[in-house]
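Asker: This is the structure, below, for whatever I ask next.
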Amino acid sequence: MEATPRKIKKLIDKLAIKNPDEISREDYEKIMLHVINDIDSDDQMEQSFKLFNTDGSGTISIGELKRIASTLELDLTNEEIQEMIYVADTDKDGIVTKEDFIDTARKIF
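What follows is the structure, given as C-alpha cells:
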C-alpha cells in the first residue's frame, strides 16, 4: 500500500481512529494489521492473475479462460466464457487486465 495522504485519511476514517493526531497503541495495531492484510491479499491476487494469464501478455483472453475451464473440467459454453470476460472487464475496453482482474476479485471477495 502506497502511503499517500488521501489513502492514509481514508484508512483512518475506515478504521474509525478517534484522534489521528495522537495514535494509540491499539490504533497503531489496527492500522498495521490492515496494511499487512492488504499486502497479503494483493500478492495473492497477483499470483492468481498469473495463473489465468498463461501467455504472459498481461491480459486474460477468452482462449486462456477456455483452457483453464477445460483443465478444471468445467463444462462452460462459449457464451458463458464471454460473459465471464465481459464481467471481469471492469473498464469495458475489451480486455481483462491485471487491474480489471483485481477489481473484480475485490468485489467478489
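Mapping of the sequence shown onto full-length UniProt numbering: position 50 corresponds to residue 50, and the numbering continues sequentially without gaps. Beta carbons: idealized from backbone N, C-alpha and C, even for Gly. Note that this is a predicted model, so its numbers are computed, not measured.
1) Bridge partners for I60 per DSSP, in chain order?
2) Could you check whether E46 and I102 sit closer than 9 Å to each other, using their CB atoms as the reference points?
3) Tell me the rounded alpha-carbon separation between K50 and P5.
4) Please identify the residue among S41, L74, K14 and K107 whose C-alpha is closest to the C-alpha of K88.
5) So for D13, helix, strand or coil by DSSP?
6) Between the Cα of G58 and the Cα atoms of K9, K18, I95 and A105, which residue gives the shortest distance?
Answerer: Working from what's here:
1) Looking up residue 60 in the sequence shown gives position 60. Note: I60 sits in a beta bridge opposite V96.
2) By one-based count along the sequence shown, residue 102 stands at place 102. By one-based count along the sequence shown, residue 46 stands at place 46. Going by C-beta atoms, I102 is nearer than 9 Å to E46.
3) On the sequence shown, position 50 is the one that residue 50 refers to. On the sequence shown, position 5 is the one that residue 5 refers to. Distance between the alpha carbons of K50 and P5 is about 31 Å.
4) Sequence index remark: in the sequence shown, residue 88 carries index 88 (1-based). According to the sequence displayed, residue 88 carries Ala and not Lys. Comparing Cα-Cα distances from A88 to each of S41, L74, K14 and K107, the minimum goes to K107.
5) Against the sequence shown, residue 13 aligns to sequence position 13. Looking at D13 - three-state DSSP - the assignment turns out to be helix.
6) Residue numbering aside, residue 58 sits at position 58 when the sequence shown is read from its first letter. Here the closest residue by C-alpha is I95.
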